Amino acid sequence: MRFTSARLRAALPLTAAAALALGACSSRDEAEEATPSPTPVLTPAVQPTVAADGTALTPGRWEVGENAEGTRATYGETPEVPTLTFTCDRASKDLALTIADAAAKVGVYRIEAGEMKVGLSMAASGDGGVKASVDRSQPTFASFADPAALITISGPDIQPLRVPGRSAIDRVLTACS
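Numbering (the numbering used here), first residue to last: 12 to 188.
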């Protein structure tokens, strides 16, 4: 069978139509693939609720921030009402730990991080909690900046606070050095 130019010319529209039909199928698949996917949203890291040893942590998470007065790290369910605050006053270089618990009483509080322990004499903070200046050279307080640390704070008439360390707390400690 010989193909002549007349036969080729007759077959050309059919071939072109088939190519367009295949192209349309291909374009449809690309259009389906080009459907925009949802924009990823950053979410905060999941906060641990139990320590590595399986014991419950005090509910909350650490928030670290700075302002004109200094640097502070707060731990609590909301930053506006923290359970625990670590503050560095920029002007005086005073490093302070505050426990905001209406049941907290003036007295000696025990801060433990692993095998390290220190007693801290807490005074009334004026807002219903207790507060004390902290000696930055104490290794127990440096453990607050260790993300693997578990810090327990116990004192007169309060439930012990069990909080994880967080590396960002080093900003507070460094601001007072």
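We put the beta carbon where it would ideally sit given N, CA and C, even for glycine. Just so you know, these numbers come straight off a predicted model, no measurement behind them.
- Residue 112 and residue 94 do touch by the CB rule: their CB atoms are close to 7 angstroms apart, below 8 angstroms.
- Taking a cut-off of 8 angstroms for Cβ pairs, the region 122-129 and the region 77-90 do not touch, as fewer than three such pairs fall below it.
- Residue 142 is a Cβ neighbour of residue 107, given a cutoff of 8 angstroms.
- Of all alpha-carbon atoms in 181, 175, 136, the one lying nearest the alpha-carbon of residue 164 is that of 175.
- One thing to note: residue 102 has its Cβ no nearer than 8 angstroms to the Cβ of residue 117.
- If you compare the alpha carbons of 182, 181, 160 with that of residue 64, the shortest gap goes to 160.
- In the DSSP assignment, residue 155 falls outside any alpha helix (DSSP H), carrying neither H nor E.
- A residue is called buried when at least 16 other Cβ atoms come within 10 angstroms of its Cβ; residue 92 does not meet this threshold and is exposed.
- Here the alpha carbon of residue 169 sits roughly 19 angstroms from the alpha carbon of residue 61.
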